[in-house]
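Sequential numbering of the sequence shown, starting at 2, is according to our numbering.
Every residue gets a Cβ at the ideal spot worked out from N, C-alpha and C, and that includes glycine.
Model, not experiment: these values are computed from the prediction.
Here's the structure, in structure tokens; my notes come after.
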Amino acid sequence: MKTIFIFSIAFFAATFSYAQNKAPDDVVEKIDINNCFKQMLKTKISLDPHHVRVESAHYTVEDEKILLTVIVRERNDYGAPVGLHEKQCELNK
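Next comes the structure, spelled out in structure tokens:
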């Protein structure tokens, strides 16, 4: 459970930081961070935080919803890629 929580925090921080730098200011100001964080905690992520990195993050706006999509690359102990994981979070405007 501790690993899930640590990874969730790191995942969310990296994701939001990346999206904040790429999104227009008027969109970023309207993001409901708490709602997104709760959604990411519910995904039961079981990846080790030392073995992942954010590969890409982007958002789309559809019908008053902001959908944040993040692709995370998982690596093994030797640094070799072993998988991609995509997570999507709905943000409220």
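- With 16 or more other Cβ atoms inside 10 Å of its own Cβ, Y60 counts as buried.
- Between I72 and E87 a beta carbon distance of about 5 Å is seen, short of the 8 Å cut, so the two are scored as contacting.
- Counting C-beta atoms within 10 angstroms of its own C-beta, A58 has 16 or more neighbours from the protein chains shown and is therefore classed as buried.
- Here DSSP, grouped into helix, strand and coil, assigns E65 to coil.
- Collapsing the DSSP output to three states places Y60 in a strand.
- Distance check between C90 and each of V53, R54 and V62 places V62 closest, using alpha-carbon atoms only.
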